[in-house]
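Here's the structure, in structure tokens; my notes come after.
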Amino acid sequence: MAQEPEQEVGGIVGVARSMFLNSGYARTTIKSIAAAAGVAPTVVSNLYSNKEALFAAAMSFPSDPQKAIPALVAPGIQGMGERLVRATLQLVADQQVREDLVKAANAGRSFNSGIDMFAVIKPLSDYFQSAVVDRALVLMGIPDARIRGALISSYLTGVISYRYFLKIEPLSSLSQEQVVALVSPVVQDLLDPTKPLPGGGKWEK
């Protein structure tokens, strides 16, 4: 008997969540998710426009961050660092989203083995860099966009990990506005095309 549409969507999202957390964002494809869910790739593609949209659904994000790219880019380079920081924090602002990430990452692990932070944060980092940061920087024509994007994503991933998952003080107890005020200038400097990256050469391949 064919699945009801709601059951089919739920099954695909559940499979996608498991695969993203177990295999990583970069190595998980629409085709592999479809095969594991027992449906044709076109079924997944008809439900979700791309892998990034499916990841957002699988991780229960409050909204699809890709849709925020025009708002991030439109005002220009001024204030871009702050907008990126706010967008990043918004991804994991909801406690249920964070709990779901940890639960999925710890699936199949013994109770006393602790949180596998790499399993929790790696898919999120890969996703945010490829789906949001890289695209925003390329659209703005920022030089060395890929290396700048990698540095920004690495930095923001560390902030998220320390604040929300490892709960390292005093970062964990700061208000969101305090975190934005502290982190945004660093991101802004990495974005600024008038400030060449150290090393004295082109970083793009």
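Take 269 as the starting number for the sequence shown in the numbering used here and just add one per residue. Yeah, the Cβ is synthetic: ideal placement off N, Cα and C, and Gly gets one too. Given the structure is predicted, the values throughout are model-derived calculations rather than measurements.
With 16 other CB atoms within 10 Å as the buried threshold, where does Arg295 fall?
exposed
Taking the straight line between their C-alpha atoms, what separation do you get for Leu289 and Val451?
27 angstroms
Other residues of its chain near Met287: CB distance less than 7 angstroms, five sequence neighbours each side excluded:
Thr296, Ser300, Ile301 and Ala304
Among Tyr293, Ser291 and Val311, which one has its Cα closest to the Cα of Gly278?
Val311
Is DSSP giving Ile280 helix, strand or coil here?
helix
Under 8 angstroms, with one C-beta from each stretch per pair, do the region 346-359 and the region 436-452 reach the 3-pair mark?
yes
Taking its Cβ as the centre, do 16 or more other Cβ atoms sit within 10 Å of Gln446, making it buried, or is it exposed?
exposed
Where does the unbroken alpha helix (DSSP H) through Ala339 begin, and where does it stop?
Ile337 to Val341
Option nearest Ala342 by Cα separation, candidates Arg414, Leu369 and Arg403
Arg403
Less than 7 angstroms between C-beta atoms, sequence neighbours within five positions excluded: which residues of the same chain meet that for Leu315?
Val277 and Ile280
Should Gln456 go down as buried or exposed, given a rule of 16 or more other Cβ atoms within 10 Å for buried?
buried
Using the Cβ count rule (16 or more neighbours within 10 Å means buried), how would you classify Gln364?
exposed
Using CA coordinates, which residue listed in Leu407, Pro438, Asp394 and Phe433 is at the minimum distance from Ser422?
Asp394
Which of helix, strand or coil DSSP assigns to Gly360
It should be noted that the sequence gives Val, not Gly, for residue 360. Reduced to three states, the DSSP call for Val360 is coil.
Assuming Leu458 contacts Leu419 under a Cβ cut-off of 8 angstroms, what Cβ separation, rounded to an integer in Å, is found between them?
5 angstroms
According to DSSP, is Phe329 helix, strand or coil?
coil
At the level of alpha carbons, what is the spacing between Gly426 and Met385?
11 angstroms
Does Ile410 come out as helix, strand or coil in the three-state DSSP assignment?
coil
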